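K.L.:
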Amino acid sequence: MIVEAAKLETGEYREFRDGELRIATSLETRPGADRLTVVLNGYCDRGACKPPVFVLWPPSAPAFGHILRVCDPTLFMADWLRGSCFLGREKADPIPPILDVCKTIARELGVSRHNMIYLGHSGAGFGALQCAIRDRESAAVVINPVAEMAAYSEYQFAVRLAQVFRPGGGVLELCAEFPERLSTSAALKSALAAGTAPRIGLIQNVTDKSHFHAHHGAVCATLGLPITGGSDPSGRFHSVTYDKRGGHSTPPEMPVIEAMADRLLAERSTSARRAQVG
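Every number in our numbering is 23 more than the matching position in the sequence shown, counting from 1.
(1) Is the CB-CB distance between Ala-115 and Leu-44 below 7 Å?
(2) If you compare alpha carbons, which of Glu-35, His-238, Ala-199 is closest to Arg-53?
(3) Answer with yes or no whether the minimum CB distance from Asp-285 to chain B is below 7 Å.
(4) Can you tell me where the beta strand (DSSP E) holding Val-263 begins and where it ends?
(5) Just to confirm my understanding: we take Pro-74, look at its own chain, exclude 5 residues before and 5 after, and list those with CB closer than 6 Å. What are they?
(6) Short of 6 Å in beta carbon distance, which residues of its chain neighbour Thr-230, apart from the five on each side in sequence? Order them along the chain.
(7) So Ala-210 and Ile-156 are in contact, right, with Cβ under 8 Å, and what is the actual spacing, rounded?
(8) Can the beta-carbon of Ser-49 be found closer than 7 Å to that of Phe-77?
(9) When you compare the CB positions of Val-61 and Leu-91, do they come within less than 7 Å of one another, or not?
(10) Whose C-alpha, out of Gly-218, Ala-151, Met-139, is nearest the C-alpha of Ala-56?
(11) Starting from Leu-225, follow the beta strand (DSSP E) in both directions and report where the run begins and ends.
(12) Beta-carbon within less than 8 Å of Ala-174's beta-carbon, same chain only, minus the 5 sequence neighbours each way: which residues are those?
(13) I'd like to check one pair, Asp-158 with Leu-205: are the Cβ atoms closer than 7 Å?
(14) Out of Val-263, Gly-193, Thr-219, which has the shortest C-alpha to C-alpha gap to Cys-154?
(15) Confirm, please, whether the CB-CB distance from Ala-199 to Gly-13 is below 7 Å.
(16) Take Glu-281 and list the residues in its own chain whose beta-carbon comes closer than 7 Å to its own, dropping the five residues that flank it on each side.
(17) Measuring only the C-alpha atoms, how far is Leu-197 from Glu-203?
Okay, structure coming up:
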């Protein structure tokens, strides 16, 4: 249910509610587009702003079609939380209602779910992967993603998220209890076993030492991808690495992201044509 709507400089603001979850969005339409890119954000600089916060990239481009920007509902749950991963609380999982919102907006725009891409960096990359895995029909493009909360167990980042998820809960305890919600690899293994794994594009900076092996490497191993970049035989999973100073926070050039989006949607179109011929 829409509870608020207003015009922003870069798009139309809509806010949705699902229980205690606030799902804030900003929609930028592109005339004639048949794609929808859902750009997730999981960071808020508390010294300068408060939620809702949307990332300003990527800019409008044919590869992205319509752009729907979504702020992580978790950021509304604690006024001291700066970074998040779309985890929400134990009994308030933000992924299902976000999927419902995105599907509704896609229908309004006349966009097929097969032409939807969830895009995110870092913690928002975790959210993008979760959205695509659970949606089953859309795709994910992620840049230097957080993928395994257990790999963050000694970092304050994960400790804070665990306190929001379940006050008093430990990171490793929660990872064991909720493996598919807190581990991309666990979620993907279930999807692969069920034959429902989505199309995924991984983009990773090789200078991001804290994420290259523990997060990027874990997803590559699950999907059967070379950690240095490549594709799996099915053509559903792709990995690209780049080398830029600055590590985790330094994004690749925008054409790299655009090319991955095009590749994933082209693979889907090719697969659909093959199925029709068969």
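From the three backbone atoms N, C-alpha and C, an ideal C-beta is built for every residue, glycine too. None of the values given here were measured: they were computed from a predicted structure.
P.N.:
The short version:
(1) yes
(2) Glu-35
(3) As a matter of chain content, chain B is missing from the structure shown, which is built from one protein chain.
(4) 260-265
(5) Cys-67, Cys-94, Leu-98, Phe-99
(6) Gly-270
(7) 5 Å
(8) yes
(9) yes
(10) Met-139
(11) 222-228
(12) Ala-237, His-238, Ala-241
(13) no
(14) Thr-219
(15) This structure cannot speak to residue 13, because the chain is shown only from 24 to 301.
(16) Ala-84, Ala-86
(17) 11 Å
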